[in-house]
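Worksheet for the structure shown next.
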Amino acid sequence: MSGARFERVAMIGIGLINGSLALAMRQAGLASEIVACARRPETRARALELGLCDRAVADPAEAVVGADLVVLGTPPAALGDVARAMAPGLEPAAIVTDVGSIKTMVVREVTAHLPNPGRFVGGHPVAGTEHSGPDAAFATLFQNRRCILTPVEDTDPDAVARLVALWEAVGATVDTMSPDHHDRVLAITSHLPHLCAYTIVGTVADLEEHLKSEVFKYAAGGFTDFTRIAASDPTMWRDVFLNNKEAVLEMIGRFMEDLVALQRAIRWEQGDILFDLFSRTREIRRSVIQAGQAYERKPQLKDD
Numbered sequence: 021m022s023g024a025r026f027e028r029v030a031m032i033g034i035g036l037i038n039g040s041l042a043l044a045m046r047q048a049g050l051a052s053e054i055v056a057c058a059r060r061p062e063t064r065a066r067a068l069e070l071g072l073c074d075r076a077v078a079d080p081a082e083a084v085v086g087a088d089l090v091v092l093g094t095p096p097a098a099l100g101d102v103a104r105a106m107a108p109g110l111e112p113a114a115i116v117t118d119v120g121s122i123k124t125m126v127v128r129e130v131t132a133h134l135p136n137p138g139r140f141v142g143g144h145p146v147a148g149t150e151h152s153g154p155d156a157a158f159a160t161l162f163q164n165r166r167c168i169l170t171p172v173e174d175t176d177p178d179a180v181a182r183l184v185a186l187w188e189a190v191g192a193t194v195d196t197m198s199p200d201h202h203d204r205v206l207a208i209t210s211h212l213p214h215l216c217a218y219t220i221v222g223t224v225a226d227l228e229e230h231l232k233s234e235v236f237k238y239a240a241g242g243f244t245d246f247t248r249i250a251a252s253d254p255t256m257w258r259d260v261f262l263n264n265k266e267a268v269l270e271m272i273g274r275f276m277e278d279l280v281a282l283q284r285a286i287r288w289e290q291g292d293i294l295f296d297l298f299s300r301t302r303e304i305r306r307s308v309i310q311a312g313q314a315y316e317r318k319p320q321l322k323d324d
């Protein structure tokens, strides 16, 4: 537990992920002081009101002064500028990490501005909801979830070890992989599903008005799940797709090939192909639930 504890933690951005990490660290006694950094005064005021931090400031360089841990939680495209802005106040020994869902670009953009690049460890807690902002934060977000760390050849092993201890202390299981491998894996497990959700909900938005009203009226679990995913932060997901485009485009290509094959099976009434696919994917879903990476919807019992 001692390796997981920090004296002063700077949260650059204080939304769902950083806010939840702040609450989890407070609950576990893992930080003596937490400083939040946000541009908007109302966000800073709300973070203080919710008890997510001890101090809240607007300047990244001011936020990181004296910090032994800095957690970057801003949209991916802004991280390079944030790293440049905070560098003058950063202690060379401070550990810097992030919580975003793309890693290759982030590692490149952030380390270019740090006084000690070896103390940066890319991080991605694979947890979240469709909600954003400090009010969305809750302390148990990371329990029984996975967190991926993406050290590179020059990364300080001590920084990695302390972050492993931190994420385990707030309930996560930690895996390590290269930034490039992370981006390829997440392109299929996270980025492509979000793209599909945005597309399906967008298709509904383009329907004739009378059909659209019936879709909303009779929306079942499947469409409701898609709308939940499509409610995610548009700024963050724009940045994800633009900055992980090679991996995402590869997965879109594979998905389109599979979709065309499925279209053909439906057209030619090849029920055996459909049944085999649906049986295989049902087993995959069950495996995901058994691995603790999904929530199974329980049937509601009617009153007698």
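Residue numbers for the sequence shown, in my numbering: 21 to 324. All residues carry an ideal CB built from backbone N, CA and C; glycine is no exception.
{"query": "Am I right that Ala159 and Leu43 are in contact with their C-beta atoms under 8 Å? What's the rounded C-beta distance?", "result": "4 Å"}
{"query": "Taking only three categories from DSSP, how would you classify Pro95?", "result": "coil"}
{"query": "For the beta strand (DSSP E) that Met271 lies in, which residues bound it at each end?", "result": "Element bounds for Met271: not the beta strand (DSSP E) but the alpha helix (DSSP H), 265-287."}
{"query": "Please list, in chain order, all residues of the same chain as Met125 whose beta carbon is under 8 Å from its beta carbon, the five residues on each side excluded.", "result": "Pro96, Asn263, Asn264"}
{"query": "I'd like the list of long-range same chain contacts for Leu321, defined as Cβ closer than 6 Å, with 5 residues on each side in sequence excluded.", "result": "Only weak support exists for where Leu321 lies, its pLDDT of 36 falling under 50; the value from the coordinates is given anyway. There are no such residues."}
{"query": "Considering only their Cβ atoms, is the gap separating Leu36 from Thr209 smaller than 8 Å?", "result": "no"}
{"query": "If you compare alpha carbons, which of Cys167, Ala156, Leu134 is closest to Gly143?", "result": "Cys167"}
{"query": "So what does Gly143 bridge to, in DSSP terms?", "result": "Leu169"}
{"query": "Just tell me which of Glu270, Leu161, Phe295 has its CA closest to the CA of Gly39.", "result": "Leu161"}
{"query": "Can you have a look at Thr94 and say buried or exposed, based on whether 16 or more other CB atoms are within 10 angstroms of its CB?", "result": "buried"}
{"query": "For Asp203, count neighbouring C-beta atoms within 10 Å of its own C-beta (all shown protein chains included) and say buried if the count is 16 or more, exposed if not.", "result": "buried"}
{"query": "Scan the stretch 100-147 and note each continuous beta strand (DSSP E) run of 3 residues or more that stays entirely inside, going in chain order.", "result": "115-118, 140-146"}
{"query": "Taking DSSP as the reference, what is the three-state secondary structure of Glu234?", "result": "helix"}
{"query": "Alpha carbon to alpha carbon, what distance is there between Glu111 and Pro254?", "result": "33 Å"}
{"query": "Out of Val29, Val90, Gly33, Glu289, which one is the CA nearest neighbour of Ala157?", "result": "Gly33"}
{"query": "Going straight from the alpha carbon of Ser52 to that of Pro80, what length do you get?", "result": "19 Å"}
{"query": "Just list the beta strand (DSSP E) runs in the stretch 32-89, keeping only unbroken ones of 3 residues or longer that don't cross its boundaries, in chain order.", "result": "51-57, 75-77"}
{"query": "Mind checking Glu173: buried by the 16 CB within 10 Å criterion, or exposed?", "result": "exposed"}
{"query": "When burial is assigned at 16 or more other CB atoms within 10 Å of the CB, is Ser252 buried or exposed?", "result": "buried"}
{"query": "For a test of the three-state rule: what should DSSP assign to Ala181, helix, strand or coil?", "result": "helix"}
{"query": "Let me know the secondary structure DSSP gives Arg258 once reduced to three states.", "result": "helix"}
{"query": "Considering only the alpha carbon of each residue, which of Cys216, Ala285, Arg182, Pro199 lies closest to Gly273?", "result": "Cys216"}
{"query": "Would you kindly work out how many angstroms separate the C-alpha atoms of Thr117 and Ile304, rounded to a whole number?", "result": "32 Å"}
{"query": "Could you round the C-beta distance between Gly120 and Val85 to whole angstroms and report it? I think they count as a contact, below 8 Å.", "result": "Not a contact, Cβ separation roughly 24 Å."}
{"query": "Can you check DSSP and say which residues form a bridge with Phe298?", "result": "Partner(s): none; Phe298 has no beta bridge."}
{"query": "Given a cut-off of 8 Å, decide if Arg60 and Ala76 are closer than it, judged by their beta-carbon atoms.", "result": "no"}
{"query": "Among Phe246, His211, Glu266, Thr247, whose alpha-carbon lies nearest the alpha-carbon of Met256?", "result": "His211"}
{"query": "Please report the distance separating the alpha-carbon of Asp175 from that of Arg258.", "result": "It is worth fixing the name first, because residue 175 is Thr in this sequence and not Asp. When rounded, the distance between both Cα atoms is 28 Å."}
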